[in-house]
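Enquirer: Quick note: the sequence shown uses my numbering, first residue 1391, plus one each step.
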Amino acid sequence: MDIPGGRRTQGERDAITIEIGYALCSAVFAAAVLFGAVAGPAYLFGPPPGARSLLIGSGTVLAVVVFLARVVSVLVRFDRGDQPSQPGRTNPDS
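#1: Taking the CB atoms as reference points, tell me whether T1450 and F1419 lie closer together than 8 Å.
#2: Note down, in chain order, each residue of its chain lying with its Cβ closer than 7 Å to the Cβ of F1468, except the 5 sequence neighbours on either side.
#3: At a cut of 8 Å, does the stretch 1396 to 1415 reach the stretch 1457 to 1464 through at least three beta carbon pairs?
#4: By how many angstroms is the C-alpha of G1396 removed from the C-alpha of A1429?
#5: What did DSSP end up calling G1449 once you bin it into helix, strand or coil?
Okay, structure coming up:
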């Protein structure tokens, strides 16, 4: 990733592809859980129409925000290289 505008190796391209897949999958999961937590009562308990649309609308908006925030945070962290070079070791001296 040090080569801006340069050619990447196959390993670097594979790492980017895996990281994008991870970002999308984890974002979908987080958004679905949040949507279920916020909008779920609208489907389970049958509140009045105004409350139902408010819960579903709020759940949708929050799910989209969480999805985008998760994708951006994972990809920015990957781009900066905040991951340790040796899994399980967080201290450079260890």
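The beta carbon of each residue, even a glycine, is placed where N, CA and C say it ideally should be.
As the structure is a prediction and not an experimental result, all values here were calculated from the model.
Expert: Short version:
#1: no
#2: E1409
#3: yes
#4: 46 Å
#5: helix
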